[in-house]
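The structure under discussion appears below in the form of structure tokens.
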Amino acid sequence: MAPGTENELLARMRTGDEEAFLLLYRKLHGPIYRFVLNLTNSQSVAEDVTQDVFLALIREDCGFDAGRGTLSAYLFGVARKLVLRHLERNRTLGEQEIPKEEWAATAFSVNADPVTDLLHTEGIEALRKAIVSLPKRYREVVALCDLEEMDYSQAATLLGCPVGTVRSRLHRARGLLLEKLQPKRDPKAAVRGLDPARSLT
Amino acid sequence: MTCREFWNQMPELEFGPEQPEHARQCPACAALLESQKALAEGLQRLAADNRKIAAPAGLEARLTAAFRNHSGAAGSRAPARGWWAWIPAAAAVAALTFLILWWYPTRLPSRGTEQAVAPVVSETLAADSGFIPLPYAEEASVSDDGDLVDVELSRATLVAWGVALPDGDPREAVEAEVLLDAGGAPQAVRLVQ
Chain A
776 MAPGTENELL ARMRTGDEEA FLLLYRKLHG PIYRFVLNLT NSQSVAEDVT QDVFLALIRE
836 DCGFDAGRGT LSAYLFGVAR KLVLRHLERN RTLGEQEIPK EEWAATAFSV NADPVTDLLH
896 TEGIEALRKA IVSLPKRYRE VVALCDLEEM DYSQAATLLG CPVGTVRSRL HRARGLLLEK
956 LQPKRDPKAA VRGLDPARSL T
Chain B
332 MTCREFWNQM PELEFGPEQP EHARQCPACA ALLESQKALA EGLQRLAADN RKIAAPAGLE
392 ARLTAAFRNH SGAAGSRAPA RGWWAWIPAA AAVAALTFLI LWWYPTRLPS RGTEQAVAPV
452 VSETLAADSG FIPLPYAEEA SVSDDGDLVD VELSRATLVA WGVALPDGDP REAVEAEVLL
512 DAGGAPQAVR LVQ
């Protein structure tokens, strides 16, 4: 495998070097595919968007400017735009991709103790669904910073917002995730557990 | 320390092994801290699981094909970038032209058999396929073990070979097919319709 930075590989690719294209694809497609998957919870959309991102790269007029950022960030940006377009087209599913009934079942499947539950497969699956059910501005920061482990400044560049906004969205997103993962407390059930002589509620 | 002060100084999703002093005294903050630790661990597990996910293998194959198509198409649109790709074709045409020019002046006068041979070839080829036999050609047909090559020849050459063409610039290139025998010698020619 020939070594090379992303920009060197891109330059070789522009001369028709297929190996350079494959090296770039193998290096960059995974994070982009997963990013789209985490935003849409759809493998077919993730595949389509990843394909469109690299088809755009193949075109020489793709618009990438090395002076404005890394190729990786550029491709993430293209993927994000395509996802937003997809979500816009499917607005009814965009903010709430999981039907409410399914989400309710998911929430009930989480134990009262989130510490133990998030260490199990069911808890991880519930967390994945909780992320997908977040509003998209929160979903994308979790997908970038928590799941792809991108640093805040890179995420801010990609999202076109200040680092502070990324930080505050992440804080809010994590709060929402905890709310979604913790089952709703039923005050009546709690009172019944105390076996009261008389209940006022 | 108040609860607000505690959370203000708590780094986001970064937890030490020991429970902070405030959390030991405040059950509400302790519970929230445990929840946040669980979330951090869950996110880390999810990120680790995530790294195992890759796009379907078929995607790479499709994109590679698209890349090849694009590279090929770009070459035909902008031959200046890929001009070397035309070298073999140009060499073949040059060799064929040389061969034709070498055979034509040397064989025709020396053998002096065109009057005898050409009508035979003409009858076979012209009837079958519209080929016009070259004056020095042996009897041949399209089905022989020869090759058929596409060439561009000057109008003057074609007229000299007996191809009927309307008047025009004698240097103008005209597309034609040349039938070669098994040894590579041109046998007949016809215009590409």
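Taken in sequence, the protein lines are chains A and B.
With positions in the first sequence counted from 1, the corresponding number in the working numbering is that position plus 775.
With positions in the second sequence counted from 1, the corresponding number in the working numbering is that position plus 331.
Backbone N, C-alpha and C fix where the C-beta goes; we use that ideal spot for every residue, glycine too.
None of the values given here were measured: they were computed from a predicted structure.
Residue j and residue i - do their beta-carbons sit closer together than 8 Å?
{"i": "residue 797 of chain A", "j": "residue 781 of chain A", "result": "no"}
{"i": "residue 521 of chain B", "j": "residue 508 of chain B", "result": "yes"}
{"i": "residue 485 of chain B", "j": "residue 501 of chain B", "result": "yes"}
{"i": "residue 906 of chain A", "j": "residue 952 of chain A", "result": "yes"}
{"i": "residue 828 of chain A", "j": "residue 858 of chain A", "result": "no"}
{"i": "residue 516 of chain B", "j": "residue 483 of chain B", "result": "no"}
{"i": "residue 370 of chain B", "j": "residue 949 of chain A", "result": "yes"}
{"i": "residue 377 of chain B", "j": "residue 922 of chain A", "result": "yes"}
{"i": "residue 793 of chain A", "j": "residue 387 of chain B", "result": "no"}
{"i": "residue 426 of chain B", "j": "residue 463 of chain B", "result": "no"}
{"i": "residue 920 of chain A", "j": "residue 956 of chain A", "result": "no"}
{"i": "residue 898 of chain A", "j": "residue 373 of chain B", "result": "yes"}
{"i": "residue 787 of chain A", "j": "residue 795 of chain A", "result": "yes"}
{"i": "residue 478 of chain B", "j": "residue 511 of chain B", "result": "yes"}
{"i": "residue 393 of chain B", "j": "residue 826 of chain A", "result": "yes"}
{"i": "residue 803 of chain A", "j": "residue 397 of chain B", "result": "no"}
{"i": "residue 911 of chain A", "j": "residue 862 of chain A", "result": "yes"}
With burial defined as no fewer than 16 other Cβ atoms inside 10 Å of the residue's Cβ, what is the status of residue i: buried or exposed?
{"i": "residue 1027 of chain A", "result": "For residue 1027 of chain A there is no data in the structure shown, the boundaries of chain A being 776 and 976."}
{"i": "residue 864 of chain A", "result": "exposed"}
{"i": "residue 334 of chain B", "result": "exposed"}
{"i": "residue 354 of chain B", "result": "buried"}
{"i": "residue 340 of chain B", "result": "exposed"}
{"i": "residue 943 of chain A", "result": "exposed"}
{"i": "residue 853 of chain A", "result": "buried"}
{"i": "residue 815 of chain A", "result": "buried"}
{"i": "residue 384 of chain B", "result": "exposed"}
{"i": "residue 356 of chain B", "result": "exposed"}
{"i": "residue 887 of chain A", "result": "The predicted position of residue 887 of chain A is uncertain, since its pLDDT is 49 and thus under 50; no value can be drawn from it."}
{"i": "residue 358 of chain B", "result": "exposed"}
{"i": "residue 819 of chain A", "result": "exposed"}
{"i": "residue 903 of chain A", "result": "buried"}
{"i": "residue 941 of chain A", "result": "buried"}
{"i": "residue 488 of chain B", "result": "buried"}
{"i": "residue 975 of chain A", "result": "Low confidence applies here, because residue 975 of chain A scores a pLDDT of 48, under 50, leaving its location unreliable; read the following figure in that light. Classification of residue 975 of chain A: exposed, given that the 10 Å Cβ count is below 16."}
{"i": "residue 769 of chain A", "result": "What is shown of chain A runs 776 to 976, which leaves residue 769 of chain A out entirely."}
{"i": "residue 400 of chain B", "result": "exposed"}
{"i": "residue 860 of chain A", "result": "exposed"}
{"i": "residue 362 of chain B", "result": "exposed"}
{"i": "residue 901 of chain A", "result": "buried"}
{"i": "residue 834 of chain A", "result": "exposed"}
{"i": "residue 885 of chain A", "result": "Note that residue 885 of chain A scores a pLDDT of 42, beneath 50, so its modelled location is shaky and nothing firm can be said."}
{"i": "residue 843 of chain A", "result": "exposed"}
Are any of the Cβ atoms in chain A nearer than 8 Å to that of residue i?
{"i": "residue 463 of chain B", "result": "no"}
{"i": "residue 364 of chain B", "result": "no"}
{"i": "residue 350 of chain B", "result": "no"}
{"i": "residue 483 of chain B", "result": "no"}
{"i": "residue 387 of chain B", "result": "yes"}
{"i": "residue 381 of chain B", "result": "yes"}
{"i": "residue 354 of chain B", "result": "no"}
{"i": "residue 336 of chain B", "result": "no"}
{"i": "residue 488 of chain B", "result": "no"}
{"i": "residue 499 of chain B", "result": "no"}
{"i": "residue 396 of chain B", "result": "no"}
{"i": "residue 410 of chain B", "result": "Below a pLDDT of 50, predicted positions are generally treated as unreliable, and residue 410 of chain B, at 38, falls in that range; the measurement from the model is reported next regardless. No, no contact with chain A."}
I'd like to know if residue i contacts chain B, where contact means its C-beta is closer than 8 Å to some C-beta of that chain.
{"i": "residue 861 of chain A", "result": "no"}
{"i": "residue 809 of chain A", "result": "yes"}
{"i": "residue 913 of chain A", "result": "no"}
{"i": "residue 929 of chain A", "result": "no"}
{"i": "residue 851 of chain A", "result": "no"}
{"i": "residue 889 of chain A", "result": "Any reading at residue 889 of chain A must be qualified, since the residue scores a pLDDT of 49, below 50, and its modelled position is unreliable; no value is offered."}
{"i": "residue 944 of chain A", "result": "no"}
{"i": "residue 939 of chain A", "result": "no"}
{"i": "residue 921 of chain A", "result": "yes"}
{"i": "residue 952 of chain A", "result": "yes"}
{"i": "residue 796 of chain A", "result": "yes"}
{"i": "residue 839 of chain A", "result": "no"}
{"i": "residue 881 of chain A", "result": "With a pLDDT of 41 at residue 881 of chain A, under the threshold of 50, the modelled position of this residue cannot be trusted, and the question is left open."}
{"i": "residue 842 of chain A", "result": "no"}
{"i": "residue 781 of chain A", "result": "no"}
{"i": "residue 935 of chain A", "result": "no"}
- Message: Check whether the stretch 830 to 849 of chain A and the stretch 926 to 946 of chain A are in contact - that is, three or more C-beta pairs closer than 8 Å.
- Response: yes
- Message: Would the stretch 797 to 816 of chain A count as touching the stretch 913 to 922 of chain A if we require 3 or more Cβ pairs under 8 Å?
- Response: yes
- Message: As an exercise, report each continuous alpha helix (DSSP H) stretch of at least 4 residues that is fully enclosed by the stretch 782 to 816 of chain A, in chain order.
- Response: 793 to 815
- Return the chain-ordered ranges of every alpha helix (DSSP H) run that is complete within the stretch 908 to 958 of chain A and spans a minimum of 4 residues. 911 to 916, 927 to 934 and 938 to 956
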